[in-house]
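See below for the structure under consideration.
Numbering (the working numbering), first residue to last: -5 to 91.
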């Protein structure tokens, strides 16, 4: 379990400003809640080769990651038809981060 003073952690080294401050407790709680019970608010990317980046993006978002809709590299999800490639694509997410 995370300590209370460990709930907020800056990961600004090498990450975009939109992902610089995470609420790690919220991220942990989200991952724990949805690891085996899929969140119906998001698409299931399993048919596209796997759901790992999609799930990681959901966790980042739950921890306070802000959508980034500007520039060459973007990260956002509004629905399955309106999302960035970095939301559910592992390589694209890696490049974005």
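Positions of the beta carbon are idealized from the N, C-alpha and C atoms, including for glycine.
Just to confirm my understanding: we take residue 58, look at its own chain, exclude 5 residues before and 5 after, and list those with CB closer than 8 Å. What are they? In the chain shown, counting from the first residue as 1, residue 58 sits at position 64. Cβ within range, chain order: 15, 16, 17, 20.
CA-CA distance, residue 43 and residue 36? Counting from 1 along the chain shown, the entry for residue 43 is found at position 49. Counting from 1 along the chain shown, the entry for residue 36 is found at position 42. If you take the alpha carbons of residue 43 and residue 36, they lie about 16 Å apart.
If we call anything under 8 Å between Cβ atoms a contact, is residue 69 one with residue 56? As a first step, residue 69 must be located in the chain shown, where it is residue number 75. As a first step, residue 56 must be located in the chain shown, where it is residue number 62. Not a contact, by the Cβ cut-off of 8 Å.
What is the rounded straight-line gap between the Cα of residue 60 and the Cα of residue 53? Numbered from 1 along the chain shown, position 66 holds the residue referred to as residue 60. Numbered from 1 along the chain shown, position 59 holds the residue referred to as residue 53. Answer to the nearest angstrom: the Cα atoms are 12 Å apart.
Could you tell me the boundaries of the alpha helix (DSSP H) in which residue 23 lies? For the purposes of this step, residue 23 is identified with residue 29 of the chain shown, where counting begins at 1. Residues 18 to 28.
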